[in-house]
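Take 305 as the starting number for the sequence shown in the working numbering and just add one per residue.
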Amino acid sequence: MIYTNLYDCCSIQVGKNAGAIFDFEKGVYVSLPLEFCEIFIDEINIIFEDKLKSFDEPSRKILINILDFLIENGFIYQSNDLIYKRYISEEYYSPFDVESFIVDFDDIRKAITYLKEIRDVPDVESVQIRVFDIPLYSKLKTLIVYLNKFSSQSIELIIRHSPEITVEDYIYLINDNPHVSKLVILNHSAMQVLCDDKLVLLTDTAINKKSCGKISEELFQVNNRTEITSKTRNSCLNCKISVDVDGNIKNCPSMPESYGNIKDTTLQEVLNKPGFKKYWNITKDQIEVCKDCEFRYVCTDCRAYTERTHFNKDNMDFSKPLKCGYDPNTGEWAKWSTNPLKKKAIEYYGMQDLVEKFKRVRC
Numbered sequence: 305m306i307y308t309n310l311y312d313c314c315s316i317q318v319g320k321n322a323g324a325i326f327d328f329e330k331g332v333y334v335s336l337p338l339e340f341c342e343i344f345i346d347e348i349n350i351i352f353e354d355k356l357k358s359f360d361e362p363s364r365k366i367l368i369n370i371l372d373f374l375i376e377n378g379f380i381y382q383s384n385d386l387i388y389k390r391y392i393s394e395e396y397y398s399p400f401d402v403e404s405f406i407v408d409f410d411d412i413r414k415a416i417t418y419l420k421e422i423r424d425v426p427d428v429e430s431v432q433i434r435v436f437d438i439p440l441y442s443k444l445k446t447l448i449v450y451l452n453k454f455s456s457q458s459i460e461l462i463i464r465h466s467p468e469i470t471v472e473d474y475i476y477l478i479n480d481n482p483h484v485s486k487l488v489i490l491n492h493s494a495m496q497v498l499c500d501d502k503l504v505l506l507t508d509t510a511i512n513k514k515s516c517g518k519i520s521e522e523l524f525q526v527n528n529r530t531e532i533t534s535k536t537r538n539s540c541l542n543c544k545i546s547v548d549v550d551g552n553i554k555n556c557p558s559m560p561e562s563y564g565n566i567k568d569t570t571l572q573e574v575l576n577k578p579g580f581k582k583y584w585n586i587t588k589d590q591i592e593v594c595k596d597c598e599f600r601y602v603c604t605d606c607r608a609y610t611e612r613t614h615f616n617k618d619n620m621d622f623s624k625p626l627k628c629g630y631d632p633n634t635g636e637w638a639k640w641s642t643n644p645l646k647k648k649a650i651e652y653y654g655m656q657d658l659v660e661k662f663k664r665v666r667c
């Protein structure tokens, strides 16, 4: 007897009208017909020939071709041996109370001052500092050295390119400050990735708080950790704390709710405040439209900018992310910025100027 199984590093998920198979080791996925995916949902040791009996001849040929493709590309295997279970963890665990700490600044001088005021910084997994102005080299160097105060596995700094700073200067800063995991330079003349991915030069224009929440296939996080997190927690806001350009402490810098200011409130005080963690456990299976999407466990959520169509009795927002152009009902991507159904939400968030920039870009 020949048995068909998924490799342990692979997962199949279904949406309303389609499905997909994900390889978490390779970080790749393939979209699939719903009929094929349903054969594998919650089953092991599948006798594929028996499953084909319920399909007509044209459909059988299609399903066999899909199976052959997935075997050839290492998603699925066939064997004479039975397996007793798939060895893949579904448990969520993190040793960190805070996994992501984001701090926004509109001025690099203010960044250095504010960072000195941020007290009781918890041990965090990753720190991201975003500076929206164009820095002088001396100030950038001071800021990078000061980031050594953070005890974290990852420190990422995002800044706008300054004409006075050369690529060689950026390389020196990265090599001389190993505590910085990644330096991302926006608005550069050419896109480059240097220093073993630690230095990234992008032609993208500068970010701001309204840049949050973009959703596209290119941004999918195809890994086991994201899938487990998405099934049990919010894939964006869980274990996150942020400080916006005015020093307000929030779950995300783009969200309206503030729980204090770094001038008079500690991060730990905010973490203990009622309501701060209200979105941490909202999963994709609870969000309208997303709950019908085959990509819901590899897609980062956004509660800062949504379509504003579904709120519960406590005024918590369960609407689809505004900047998602995928429709799980049709399986098609479209520009979210030109969708007439999103017009009211775009106006509510004051994104008309941002949308104008996206008119000729897929987003």
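Here a beta-carbon is modelled for each residue, glycine too, at the ideal position from N, C-alpha and C.
Closest by C-alpha distance to residue i, when choosing among the options
i: residue 398; options: 536, 341 and 548; result: 536
i: residue 358; options: 339, 457 and 464; result: 339
i: residue 337; options: 367, 447, 309 and 352; result: 367
i: residue 607; options: 597, 592 and 598; result: 592
i: residue 404; options: 376, 542 and 470; result: 542
i: residue 509; options: 521, 528, 386 and 488; result: 488
CB contact flag (residue i, residue j, <7 Å)
i: residue 483; j: residue 511; result: no
i: residue 627; j: residue 640; result: yes
i: residue 309; j: residue 345; result: no
i: residue 594; j: residue 558; result: no
i: residue 429; j: residue 457; result: yes
i: residue 588; j: residue 623; result: no
i: residue 466; j: residue 439; result: yes
i: residue 396; j: residue 526; result: no
Outcome for residue i when other beta-carbon atoms lying within 10 angstroms are tallied against a minimum of 16
i: residue 319; result: buried
i: residue 373; result: exposed
i: residue 305; result: exposed
i: residue 327; result: buried
i: residue 461; result: buried
i: residue 666; result: Unreliable positioning characterises residue 666 in this predicted model, as indicated by a pLDDT of 46, which lies under 50. The coordinate reading is nonetheless provided below. So residue 666 ends up on the exposed side.
i: residue 415; result: buried
Secondary structure of residue i, DSSP reduced to three states
i: residue 649; result: helix
i: residue 307; result: strand
i: residue 666; result: In this prediction, residue 666 scores a pLDDT of 46, lower than 50, which makes its location untrustworthy; no coordinate-derived value is stated.
i: residue 589; result: helix
i: residue 578; result: coil
i: residue 489; result: strand
i: residue 525; result: coil
i: residue 637; result: strand
i: residue 367; result: helix
i: residue 644; result: helix
Within-7 Å CB hit, residue i to chain C
i: residue 539; result: The chain labelled as chain C is not found in the depicted structure, where only one protein chain is given.
Integer Cβ distance of residue i from residue j, believed to fall under 8 Å
i: residue 610; j: residue 618; result: Not quite, the Cβ-Cβ distance comes to about 16 Å (not below 8 Å), so this is no contact.
i: residue 562; j: residue 552; result: 4 Å
i: residue 406; j: residue 546; result: 4 Å
i: residue 409; j: residue 436; result: 7 Å
i: residue 321; j: residue 643; result: So it is not a contact: roughly 19 Å between Cβ atoms.
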